[in-house]
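A.B. asks: Numbering (UniProt numbering), first residue to last: 1 to 130.
Even glycine gets a Cβ: it sits at the ideal position worked out from N, Cα and C.
One structure coming up, written as structure tokens, with questions to follow.
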């Protein structure tokens, strides 16, 4: 999930060994009790564009705090009202050479999985063949 500095450092090392041709884009949300600065400090060097959003829980850290912490580290960051909107925006701006990374919390992943399922269901209903 990449929600603590140790996990973020490990993720940074993995990403550094796997360069991407295009941009590496992130969708990120975090709970209040997690070390925001400790997590993002490791990942700013290996992520080109960040999309941040609050999580669907009262324990969520506000998107404004995520945005501010990333901006203070020189990251290119945009805030969204939900993980689904952040993911949709990253997908809309991505090229085939880009990579989209989603991390920070199980809440973030759960909302993203719901978003993917919704689009998969819509594609199936519309006869999408892949």
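Under 7 Å, do residue 12 and residue 36 count as touching if we go by C-beta distance?
C.D. replies: What you label residue 12 is simply residue 12 of the chain shown in a count that begins at 1. What you label residue 36 is simply residue 36 of the chain shown in a count that begins at 1. Not closer than 7 Å, so no.
A.B. asks: Run through DSSP, which three-state label would residue 131 get?
C.D. replies: Any property of residue 131 remains undetermined from this structure, which presents the chain solely from 1 to 130.
A.B. asks: Using the C-alpha atoms, what's the distance from residue 115 back to residue 78?
C.D. replies: On the chain shown, residue 78 is found 78 positions in, with the first residue counted as 1. On the chain shown, residue 115 is found 115 positions in, with the first residue counted as 1. The alpha-carbon atoms of residue 78 and residue 115 are separated by roughly 19 Å.
A.B. asks: Please state if the CB of residue 53 and the CB of residue 80 are separated by a distance shorter than 7 Å.
C.D. replies: For the purposes of this step, residue 80 is identified with residue 80 of the chain shown, where counting begins at 1. For the purposes of this step, residue 53 is identified with residue 53 of the chain shown, where counting begins at 1. The answer is yes: Cβ separation under 7 Å.
A.B. asks: In chain order, which continuous runs of the alpha helix (DSSP H) of length 4 or greater are located wholly inside the segment 18 to 49?
C.D. replies: With a minimum length of 4 residues, the continuous alpha helix (DSSP H) runs that stay inside the segment 18 to 49 are 36 to 43.
A.B. asks: List the whole-angstrom C-beta distance separating residue 48 from residue 76, where the pair is believed to meet the contact cut-off of C-beta under 8 Å.
C.D. replies: Within the chain shown, residue 48 is the residue found at index 48, counting from 1. Within the chain shown, residue 76 is the residue found at index 76, counting from 1. Yes, residue 48 and residue 76 are in contact; Cβ-Cβ is about 7 Å, under 8 Å.
A.B. asks: Excluding five sequence neighbours on each side, which residues of the same chain lie with their C-beta closer than 7 Å to the C-beta of residue 41?
C.D. replies: Taking the chain shown and counting its residues from 1, one reaches residue 41 at position 41. For residue 41, where only same-chain residues beyond five positions count, the Cβ hits under 7 Å are 73.
A.B. asks: Buried or exposed: residue 3, going by 16 or more other Cβ atoms within 10 Å of its Cβ?
C.D. replies: For the purposes of this step, residue 3 is identified with residue 3 of the chain shown, where counting begins at 1. With 16 or more Cβ atoms within 10 Å of its Cβ, residue 3 is classed as buried.
A.B. asks: Output the boundary residues of the alpha helix (DSSP H) element that contains residue 102.
C.D. replies: The sequence position of residue 102 within the chain shown is 102, counting from 1. Careful: residue 102 lies outside any alpha helix (DSSP H), inside the beta strand (DSSP E) at 99 to 103.
A.B. asks: Could you give the first and the last residue of the continuous beta strand (DSSP E) run that contains residue 79?
C.D. replies: Sequence index remark: in the chain shown, residue 79 carries index 79 (1-based). Element bounds for residue 79: 76 to 79.
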